[in-house]
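One structure is given below, encoded as structure tokens.
In this note's numbering, the protein residues as written are 576 to 986.
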């Protein structure tokens, strides 16, 4: 049951006008099941050319970062086919067709029963902080929905100057709760903010002291809404793989119920004054970073400062540029889109090759890197049978935006 909004011909965001969009045809529709009564309108653009950077048959990646001249990819253990007994790579440096364990084989060697404190258990995010350091988020959950193992949930910080581990931030049981899935990270010095997609809420981590606390626990803004399912294009078995299917399906959890992902995507405004966050299914909210950083506010006082921000469709991952343009993967449409600061949404590219793009990475050259994870095709969501199409691919497109913090090491 879909209703559609007709998109008018719109101007592209100011920071994107230098991108090769001027020859694109504009117009189209977006399913109203996601946007509801949202004020944002959508401009449908012709596809920007996709450049394939890498592919693999040895990983399922949902994260990418350029760090010290290397292209790093990471992905969740639970998405890897259980029948494949090859060494699982949580984080790797990738070339066009080959992947090397990163930072080394030992960090990628975890097996059940091993001490997880200095090994990756289940990596979900890679992100470059404003100071250039690389942050790796390890949920500590080797099985989807199982919750973190003791001493396994952590954030590993890699020094931009020498590529060595600078600090490990353990996320103890008061932070990573039973059922938690610490998902992603963003920064407003001296704080890091992390989302919990399992147990709804945010973590506020002081990067200097290592002290952290949970906030906005199980409030409406951090909790997935039951009336907003994750809907993705679905091709019946045997159908062609060259176009985006007109049919869709609801992604379902291992118990057969619609999958609900709590606090997941997160960004900080370019001026550092706002934290934007949402559930995977949407909508998004915003809260002043000053409020998050104030430990004297009661839970009710902090929640009172949360307000609606954007009514977006199911989102695989996001990046934000220096002008506040939010790049996001629209899971419903196999599309990469951008939301301008005025709320206008433009489509950059659509392709069946972009099925469940997860966390994109925007580099200092205006290249947007797109890891195609196909996570909805992983075994936990398909009655134990993987439907992932190998090889898994990494693409990039050229946009005009650049991040607020520029670092030479991402070149």
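Think of the CB as a built atom: it goes at the ideal place given N, C-alpha and C, for glycine as much as any other residue.
For residue 638 versus residue 934, is the C-beta distance shorter than 8 angstroms?
Yes, these two residues count as a Cβ contact at 8 angstroms.
Residues near residue 534 in its chain [Cβ-Cβ closer than 7 angstroms; skip 5 each side]:
The shown model of the chain, from 576 to 986, leaves out residue 534, and the question about it has no answer.
Kindly confirm or deny that the segment 922-933 and the segment 622-634 touch, where touching means at least three C-beta pairs closer than 8 angstroms.
Using a Cβ-Cβ distance cut-off of 8 angstroms, the segment 922-933 and the segment 622-634 are in contact, since at least three pairs of beta carbons, one from each stretch, lie closer than that value.
How long is the line joining the alpha carbons of residue 940 and residue 896, rounded to whole angstroms?
In a straight line, the C-alpha of residue 940 is about 12 angstroms away from that of residue 896.
Could you give the uninterrupted runs of the alpha helix (DSSP H) lying entirely in the segment 654-693, keeping only those of 4 residues or more?
Counting only runs of 4+ residues, no alpha helix (DSSP H) is found wholly inside the segment 654-693.
Assign residue 803 to one of three DSSP states: helix, strand, or coil.
In the structure shown, residue 803 adopts coil according to DSSP, grouped into three states.
State the Cα-Cα distance for the pair residue 882 and residue 750, rounded to the nearest angstrom.
So the alpha carbons of these two residues sit roughly 24 angstroms apart.
Should residue 829 and residue 855 be called a contact, given that it needs their Cβ atoms to be closer than 8 angstroms?
Going by C-beta atoms, residue 829 is not nearer than 8 angstroms to residue 855.
Taking the Cβ atom as the reference point for each residue, do residue 740 and residue 729 lie within a distance shorter than 8 angstroms?
Their beta carbons are not under 8 angstroms apart, which means residue 740 does not touch residue 729 by this criterion.
Nearest-angstrom Cα separation, counted from residue 801 out to residue 793
Distance between the alpha carbons of residue 793 and residue 801 is about 14 angstroms.
Going by C-alpha to C-alpha distance, which of 852, 872 and 867 sits closest to residue 891?
Minimum Cα-Cα distance from residue 891 among the listed residues 852, 872 and 867 corresponds to 852.
Have a look at 703, 642, 648 and 864 and flag the residue whose alpha-carbon is nearest the alpha-carbon of residue 967.
It is 648 whose Cα lies nearest to the Cα of residue 967.
Paired residues, beta bridge with residue 633 - DSSP
Among the bridge pairs identified by DSSP, residue 633 is matched with none.
Out of 877, 651 and 708, point me to the one whose CA is closest to residue 719's CA.
The shortest C-alpha separation from residue 719 is found at 651.
Where do the N-terminal and C-terminal ends of the alpha helix (DSSP H) with residue 864 fall, by residue?
Boundaries of the alpha helix (DSSP H) around residue 864: 864-867.
Taking the alpha carbon of residue 810 as the point to measure from, which residue in 819, 804 and 803 has its own alpha carbon closest?
Out of 819, 804 and 803, the CA that lies nearest to the CA of residue 810 is found in 819.
Backbone CA spacing between residue 644 and residue 799 [nearest angstrom]
Rounded to the nearest angstrom, the gap between the Cα atoms of residue 644 and residue 799 is 38 angstroms.
State the DSSP-derived secondary structure class of residue 846, mapped to helix, strand or coil.
Residue 846: coil per DSSP, three-state reduction.
Are the CB atoms of residue 931 and residue 906 within a distance shorter than 8 angstroms?
In terms of Cβ geometry, residue 906 and residue 931 form a close pair [threshold 8 angstroms].
Identity of the residue in 824, 795 and 762 nearest residue 980 by Cα
Residue 762 is the option with its Cα nearest to residue 980.
For residue 809, name the three-state secondary structure that DSSP assigns.
It is coil, neither helix nor strand.
The segment 862-880 touching the segment 822-836, judged by at least three CB pairs closer than 8 angstroms:
At 8 angstroms Cβ cutoff, the stretches do not touch.
In angstroms, rounded to a whole number, what distance separates the CA positions of residue 656 and residue 675?
Cα to Cα, residue 656 sits roughly 19 angstroms from residue 675.
Cβ distance (whole Å) where residue 976 is taken to contact residue 937 below 8 angstroms
The pair is a contact, with the Cβ atoms about 7 angstroms apart (cut-off 8 angstroms).
Residue 736 to residue 765 span [Cα, whole Å]
Take the alpha-carbon of residue 736 and the one of residue 765: they are about 19 angstroms apart.
Buried/exposed call for residue 783, threshold 16 Cβ in 10 Å:
Note on residue 783: under 16 other CB atoms within 10 angstroms of its CB, so exposed under the neighbour-count rule.
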